[in-house]
Each structure stands twice: as structure tokens, then as C-alpha cells.
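S.K.: Structure incoming, see below.
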Amino acid sequence: MPKGIFVTATDTGVGKTIVSAAIICALKRSGVMAGAMKPMETGCAVENGIMVPADGSFLRAAAGMSDSIDLVTPIRYKLPLAPYNAAIKEGGSFKLESVFKAYKQLSGRYDFMVVEGVGGVFVPLTRTASGDIYFVTDLIKDLRIPAVVVTRLLLGTINHTLLTISRLHDEGIEVKGVIVSNSAPPQGSVAEETNIEALKELCPVPVIGVLPWLENISTENIAEKTAGCIDIGALKR
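Using our numbering, read the sequence shown as starting at 23 and increasing by one per residue.
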């Protein structure tokens with residue numbers, strides 16, 4: 023069984039956090055002690071002088087972790103930008119070593135790690151010591167875990183999904199499958215009616231889950247409403 027999965031997506035706001043929480047809940051139901059990590063998060067609120075990562079905190083709660091939020095989300099910025107841009111605006115860059123150190127600690131405590139990325143696969147994160155831009159794809163490779171791609175159900179998803187998977191494969195990253203997230207209220211469009219079957223036919227990897235639209239976003243509701251919606255066996259193989 024691989025030690026974890028990296029949850030990436032075709033774009034930002036697709037529903038990675040909900041899917042990550044659903045995966046965590048499904049793993050827990052199957053008897054796997056799952057840990058969560060959102061290595062970097064932007065758009066953090068500031069409470070009592072401390073930046074609070076909403077997504078990282080949500081995943082930490084979903085997994086029932088007592089670990090410090092500094093391990094779950096070691097890199098945090100206030101501005102809702104790509105981490106590379108946020109670092110420039112807020113001053114200074116971050117050290118990737120803090121991410122790898124936190125992941126090593128957490129992966130040693132849990133059977134399986136669910137790591138949520140930021141935005142899509144080509145979001146810039148920082149510059150390396152050699153001056154190269156370091157992207158989400160680089161982080162996935164350095165963590166040495168396979169990916170799952172979260173995509174929308176709406177118009178445009180076929181192109182975005184196939185491009186994302188193609189890029190991951192070009193980078194030598196294993197993709198376990200695609201999870202369709204109904205991250206917006208159903209519109210009753212023809213695209214919604216046909217896209218899932220089209221993705222199943224056209225994707226080079228399987229569609230391993232379709233999540234319903236959830237009006238109430240809570241860990242309890244996610245656990246209840248997404249039970250059986252994801253093929254966890256596909257992620258664990």
C-alpha cells in the first residue's frame with residue numbers, strides 16, 4: 023500500500039478540500055489511520071496575530087489529528103494568491119525543507135497521508151536554490167506519492183482533466199484516478215448529464231469517484247453523504 027496520495031485538481035476552487043476530507047473519512051471507515059496535510063495555504067485569516075489556514079484546519083479536524091497545525095500546514099500566507107506570488111508580495115520566500123520535515127514526521131505517525139495541493143498542477147510555489155521555479159508537480163515528485171485529480175462536472179472539464187493528467191504523466195507522476203466534485207449547485211445542463219460518461223471513456227485513468235453537491239460543508243456531513251462515493255481500494259493499491 024502506498025504511504026499516501028496527493029490530491030491535486032484541474033483548477034482552484036474545484037473542491038479539493040472536500041474531496042480530501044471525503045477520502046480521509048473513507049479511509050477511517052476502512053480501518054486505516056489517516057493523517058492530513060495541506061503543505062501550503064494562501065488566503066489565511068489572521069487571528070490574534072496568527073495566520074489560520076482554513077483548509078488545513080478543516081482537514082486536521084476531519085482526520086481527528088492532535089498534531090500541531092504547524093505540521094499540517096507549515097507554509098501560510100495572507101494573500102489569496104499562488105504561493106510564489108504571495109511570498110513576493112509579503113516578503114521573502116519559504117524553505118521547502120520545512121514541508122519535507124513536517125511530512126516525514128506526520129507520515130511516521132499515520133498509516134496513510136492525504137496531502138492536498140494548491141490550485142492546479144502547474145501553480146508556482148517558490149524558487150529553488152538554483153533559481154528554478156518549483157511547481158506543484160515538483161512537490162508531488164519529491165514527496166514520492168501518487169496523485170488523484172479532482173475535476174468539476176461542468177462545461178470545460180474534459181479538456182481541463184485530460185490536460186492535467188497528460189501533464190502529470192509527462193512528469194512521470196502516477197495518477198490513481200479522477201474524482202468528480204460537484205462543487206457547485208446542479209444546473210441541469212447537458213454537460214452535467216454527459217461529462218461523467220465522457221470522462222470514463224476518454225481518460226487514460228479511471229474515474230474512481232463522483233461526489234454529490236453538499237450544501238452543508240461539515241466533516242460529519244461529508245462523512246455521511248460521501249460514504250461509498252469513492253473507490254478507496256483504487257487509492258490504496
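Just so you know, even glycine gets a beta-carbon here, dropped at the ideal spot from N, CA and C.
Over what stretch of residues does the alpha helix (DSSP H) that includes R259 continue unbroken?
M.R.: Position 237 of the sequence shown, counted from the start, is the residue given in the question as residue 259. Element bounds for R259: n/a, residue is neither H nor E.
S.K.: When you compare only the Cα positions, how much space is there between P226 and M135?
M.R.: Mapped onto the sequence shown, residue 226 falls at position 204. Mapped onto the sequence shown, residue 135 falls at position 113. Taking the straight line from one Cα to the other gives about 25 Å.
S.K.: Is M59 buried or exposed, if buried means 16 or more other CB atoms sit within 10 Å of its CB?
M.R.: Within the sequence shown, the letter at position 37 stands for residue 59. By the 10 Å Cβ count, M59 comes out buried.
S.K.: Since I72 sits in a beta bridge, which residues does DSSP pair it with?
M.R.: As a working mapping, residue 72 is identified with position 50 in the sequence shown. E69, per the DSSP bridge assignment.
S.K.: Tell me which same chain residues have a C-beta within less than 6 Å of the C-beta of E193, skipping the five on either side of it?
M.R.: Position 171 of the sequence shown, counted from the start, is the residue given in the question as residue 193. Here the set comprises T159.
S.K.: State whether the region 223-242 contacts the region 181-192, with contact taken as three or more CB pairs (one from each stretch) at a distance under 8 Å.
M.R.: Flag = yes, the region 223-242 and the region 181-192 touch.
S.K.: How should N70 be labelled, buried or exposed, when 16 other C-beta atoms within 10 angstroms of its C-beta is the threshold for buried?
M.R.: Working through the sequence shown from its first residue, we reach residue 70 at position 48. Burial call: exposed.
S.K.: Which residue spans inside the region 73-149 form an unbroken beta strand (DSSP E) run of at least 3?
M.R.: Counting only runs of 3 or more, we get 134-138 and 146-149.
S.K.: Would you tell me roughly how many angstroms separate the C-alpha atoms of E119 and A213, rounded to the nearest one?
M.R.: Residue mapping note: residue 119 aligns to position 97 of the sequence shown, counting from 1. Residue mapping note: residue 213 aligns to position 191 of the sequence shown, counting from 1. About 43 Å.
S.K.: If we ignore side chains and look at the alpha-carbon of each, how far apart do S205 and A151 end up?
M.R.: Taking the sequence shown and counting its residues from 1, one reaches residue 205 at position 183. Taking the sequence shown and counting its residues from 1, one reaches residue 151 at position 129. Using only the alpha carbons, I get a separation of about 37 Å.
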